[in-house]
Amino acid sequence: MTRLNRAIRYAAVGALVSTLAACVVNPPPPPRPVVVNPGPNPHEVAVDRLHEVDGRIDNLSRRIDMRVNQGYYPPPQGAAFHHRLDTIRGEAHDMAAQHGGGISGDEQHVLNQELDTAARAIGE
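Count the sequence shown with mature numbering (1 follows the signal peptide of the UniProt record, and there is no 0) and you get residues -21 to -1, 1 to 103, in order.
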């Protein structure tokens, strides 16, 4: 009987071990790293705003030259328009100097309003 008891014990232990083995849970995989996509650099955005204003001033300046050459208005009036654009460009660069080379959205809005007024005067 000892052999039978021993066999029963081994069978019981085997069943218990297999039951416990089935209950072993693998640890969850480590969480995936979250990739944070940082927004654009605020300084670069401010510098881009200044470049947009400068580009608009350059376009208006070319338009003035074209209209003077076509005789829409005399050279002194064209010079006055250029002077106004130079003043706006100076204001833009003064603003940019205060912010390390760029302008804020509000400043760009104000400058664009001034350029809208100048563009209407030029005849855009």
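C-beta: ideal position from N, C-alpha, C; glycine also.
- Three or more beta-carbon pairs separated by less than 8 Å are not found between the stretch 66 to 76 and the stretch 2 to 17, which leaves the two stretches without contact.
- Looking only at PRO8, GLY84, ALA58 and ASN(-17), the smallest Cα-Cα distance to VAL26 is reached by GLY84.
- If you draw a straight line from the Cα of ILE82 to the Cα of ALA100, it is about 25 Å long.
- Rounded to the nearest whole angstrom, the CA to CA distance from ASN5 to ARG(-16) is 33 Å.
- ILE43 and LEU94 have their C-alpha atoms roughly 13 Å apart.
- VAL47 and PRO53 have their alpha carbons spaced roughly 6 Å apart.
- Assigned with DSSP and collapsed to three states, GLY69 falls in helix.
- With 16 or more other CB atoms across the displayed protein chains lying within 10 angstroms of its CB, ALA97 is buried.
- Sequence-distant partners of GLU86 (beyond 5 residues in either direction) whose C-beta falls short of 7 Å from its own C-beta, in its chain, are MET74.
- Sorting MET45, VAL24, PRO10 and ASP37 by C-alpha distance to the C-alpha of ARG68 places ASP37 at the top.
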